[in-house]
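Asks:
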Amino acid sequence: MSGRRQAVRCRISAAQTQPVDVLSSGAVVNPKSSEPGRIPISVSSLLEVVSEDLQMLNNNLKSIVGAENPVLISAAEHIFGAGGKRIRPALVFLVSRATAQIAGLKELTTQHQRLAEIIEMIHTASLMHDDVLDDSGMRRGKETIHQLYGTRVAVLAGDFMFAQSSWFLANLENLEVIKLISQVIKDFCSGEIKQAPGLFNRDITLEEYLLKSYYKTASLTSASTKAAAIFSGVSSSICDQMYEYGRNLGLSFQVVDDILDFTQSAEQLGKPAASDLVKGNLTAPVIFALEKEPELRDIIDSEFTEDGSLEKAIELIHKCGGIKRAQDLAKEKADLAIQNLQCLPPSKFRSSLEGMVMYNLERID
Numbered sequence: 223m224s225g226r227r228q229a230v231r232c233r234i235s236a237a238q239t240q241p242v243d244v245l246s247s248g249a250v251v252n253p254k255s256s257e258p259g260r261i262p263i264s265v266s267s268l269l270e271v272v273s274e275d276l277q278m279l280n281n282n283l284k285s286i287v288g289a290e291n292p293v294l295i296s297a298a299e300h301i302f303g304a305g306g307k308r309i310r311p312a313l314v315f316l317v318s319r320a321t322a323q324i325a326g327l328k329e330l331t332t333q334h335q336r337l338a339e340i341i342e343m344i345h346t347a348s349l350m351h352d353d354v355l356d357d358s359g360m361r362r363g364k365e366t367i368h369q370l371y372g373t374r375v376a377v378l379a380g381d382f383m384f385a386q387s388s389w390f391l392a393n394l395e396n397l398e399v400i401k402l403i404s405q406v407i408k409d410f411c412s413g414e415i416k417q418a419p420g421l422f423n424r425d426i427t428l429e430e431y432l433l434k435s436y437y438k439t440a441s442l443t444s445a446s447t448k449a450a451a452i453f454s455g456v457s458s459s460i461c462d463q464m465y466e467y468g469r470n471l472g473l474s475f476q477v478v479d480d481i482l483d484f485t486q487s488a489e490q491l492g493k494p495a496a497s498d499l500v501k502g503n504l505t506a507p508v509i510f511a512l513e514k515e516p517e518l519r520d521i522i523d524s525e526f527t528e529d530g531s532l533e534k535a536i537e538l539i540h541k542c543g544g545i546k547r548a549q550d551l552a553k554e555k556a557d558l559a560i561q562n563l564q565c566l567p568p569s570k571f572r573s574s575l576e577g578m579v580m581y582n583l584e585r586i587d
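Now the structure itself:
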């Protein structure tokens, strides 16, 4: 397909305003996993098409951080081995293979493979720092690095991983990608700086929340999916659509995570339930509920100092439709992500990219 035809196709899909209900695989957006006969989507089945890529990534991750300091390596091994689905590097591989087909590439380049490793290192480094800033004791059901090794090691391990990923990033020798991924690290910092003075701010707007969510989650997914397309050598319009796919999927994931904070137990979450609310970090369900319930504003103002105030706040968030409206927001972003994929020809890789959108929504059905 010529670059001009690619660009035209992308412009048409970007201009769509109606939600896309049917995927190239025949599945439907906004799934109801409770429907009779419907089998819940498995991440492992979605990622089977890039399982060899992910296996190579897992083999490389521990060695790629280097061996200068045994304590730092031990910390890295702990968090790399703490579970997790490797969704971010998997998205890199899926977009890489979907766009490589367009460009006529038979195999992924070394740049594609190294990009996925860099993305996972950056994500891991951000988790280490997040856990220190939030004083989190658990991550994926295991003790956090700063609980095991102390704050000093956790901060240094995160710094080391950021530095190591930056070194590998520079060696990719692609200025556009270097700028794109470097912005992600800046966004992480900007998000944390903006969040601190905004705790318990009951006047936070949905737009401010989405910007914060972009900094926290969607910046990394959008930059990584666009960078993957850049390394495939496809047109700039397709690269831009891959950026928007990563952005919309990332925002949808963050909204779903924020919903689960109110609907799942500590055992299911692998961390305390309603932990963001306790810390004053007001997310989509809270923002929507605040529009309808004045009592919730008073409770948040008190910063949950009274007995039973947290439980009452959670009850009001459910009662006022905060959860339902947040679900609608997650589905809205999911519809946009599906539209962004219409630039790609049908393939098993595109089907898995669509499936990732479906999987995310199934978490709240």
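Those letters in the sequence shown? Residues 223 to 587, per this note's numbering, in order.
Yeah, the Cβ is synthetic: ideal placement off N, Cα and C, and Gly gets one too.
Do Cys565 and Gln486 have their C-beta atoms within less than 9 Å of each other?
Replies: No. Outside cutoff.
Asks: Whole angstroms is fine: what's the gap from Phe571's alpha carbon to Thr447's?
Replies: If you take the alpha carbons of Phe571 and Thr447, they lie about 13 Å apart.
Asks: When burial is assigned at 16 or more other CB atoms within 10 Å of the CB, is Arg308 buried or exposed?
Replies: Buried: at least 16 other Cβ atoms inside 10 Å.
Asks: Let me know the secondary structure DSSP gives Glu525 once reduced to three states.
Replies: Coil at Glu525, not helix or strand.
Asks: According to DSSP, is Arg424 helix, strand or coil?
Replies: Coil at Arg424, not helix or strand.
Asks: Bridge partners for Arg361 per DSSP, in chain order?
Replies: Lys364.
Asks: Hey, which unbroken runs of the alpha helix (DSSP H) at 4 residues or more fall wholly within the stretch 373-457?
Replies: Qualifying alpha helix (DSSP H) stretches, in chain order: 373-392, 397-417, 428-435 and 441-454.
Asks: Out of Ala385, Ile261, Asp353 and Met383, state which residue places its alpha-carbon closest to the alpha-carbon of Leu370.
Replies: Of the candidates Ala385, Ile261, Asp353 and Met383, the one whose C-alpha sits nearest the C-alpha of Leu370 is Asp353.
Asks: Measure the beta-carbon distance from Ala548 to Val477 and round it to whole angstroms, keeping in mind my assumption that it falls under 8 Å.
Replies: At roughly 6 Å, the Cβ-Cβ gap stays under 8 Å, so Ala548 and Val477 are in contact.
Asks: What do you get for Ile261, buried or exposed, if any count of 16 or more other CB atoms within 10 angstroms of its CB means buried?
Replies: Exposed is the call here.
Asks: Along the chain, where does the alpha helix (DSSP H) that runs through Lys284 open and close?
Replies: Per DSSP, Lys284 belongs to the alpha helix (DSSP H) from Ser273 to Ile286.
Asks: Taking 9 Å as the cut-off, decide whether the C-beta atoms of Phe315 and Ala338 are in contact.
Replies: Cβ distance < 9 Å, so Phe315 and Ala338 count as in contact.
Asks: Entirely within the stretch 526-575 and at least 4 residues each: give me those alpha helix (DSSP H) ranges in chain order.
Replies: If we require 4 residues or more, the alpha helix (DSSP H) runs fully inside the stretch 526-575 come out as 531-541 and 544-562.
Asks: Under a Cβ-count criterion, where at least 16 other Cβ atoms within 10 Å of its own Cβ denotes burial, should Gln277 be classed as buried or exposed?
Replies: Exposed.
Asks: Measure the beta-carbon distance from Phe526 to Leu532 and round it to whole angstroms, keeping in mind my assumption that it falls under 8 Å.
Replies: Confirmed, Cβ separation roughly 5 Å.
Asks: Just to confirm my understanding: we take Gly544, look at its own chain, exclude 5 residues before and 5 after, and list those with CB closer than 7 Å. What are they?
Replies: The residues are Pro507, Val508, Phe510 and Ala511.
Asks: From Ile536 to Phe484, what distance separates their C-alpha atoms?
Replies: Near 7 Å, if we compare the C-alpha coordinates of Phe484 and Ile536.
Asks: Please classify Asn470 as buried or exposed, where buried requires at least 16 other C-beta atoms within 10 Å of its C-beta.
Replies: Answer is buried; the Cβ neighbour count reaches 16.
Asks: By the 10 Å Cβ neighbour count, where 16 or more other Cβ atoms means buried, how is Val456 classified, buried or exposed?
Replies: Under this definition Val456 is a buried residue.
Asks: Taking the alpha-carbon of Ser273 as reference, which of Arg319, Asn291, Ser285 and Val293 has the nearest alpha-carbon?
Replies: Cα-wise, what sits closest to Ser273 is Arg319.
Asks: Nearest-angstrom Cα distance between Asn423 and Tyr437?
Replies: Their backbone Cα atoms lie some 18 Å apart in a straight line.
Asks: Can you have a look at Gln333 and say buried or exposed, based on whether 16 or more other CB atoms are within 10 angstroms of its CB?
Replies: The residue in question, Gln333, is buried, as its Cβ has 16 or more Cβ neighbours within 10 Å.
Asks: At the level of alpha carbons, what is the spacing between Gln561 and Glu430?
Replies: Cα-Cα distance, rounded: 24 Å.
Asks: Terminal residues of the continuous alpha helix (DSSP H) containing Ser348?
Replies: Run containing Ser348: Thr332 to Asp356, per the alpha helix (DSSP H) assignment.
Asks: Can you say whether Ser434 is buried or exposed, counting buried as having 16 or more other CB atoms within 10 angstroms of its CB?
Replies: At residue 434 the sequence reads Lys, which differs from the Ser that was named. With 16 or more other Cβ atoms within 10 Å, it is buried.
Asks: Beta-carbon within less than 7 Å of Leu551's beta-carbon, same chain only, minus the 5 sequence neighbours each way: which residues are those?
Replies: Result list for Leu551: Val477 and Ala506, in chain order.
Asks: Assign Pro516 to one of two classes, buried (16 or more other C-beta atoms within 10 Å of its C-beta) or exposed (fewer than that).
Replies: Classification for Pro516: exposed.
Asks: Just to confirm, are Leu391 and Leu432 a CB contact at a threshold of 9 Å?
Replies: Taking 9 Å as the Cβ cut-off, Leu391 and Leu432 do not qualify as a contacting pair.
Asks: So Ile263 packs on Arg310, CB below 8 Å; how close in whole Å?
Replies: The pair is not a contact, with the Cβ atoms about 18 Å apart (cut-off 8 Å).
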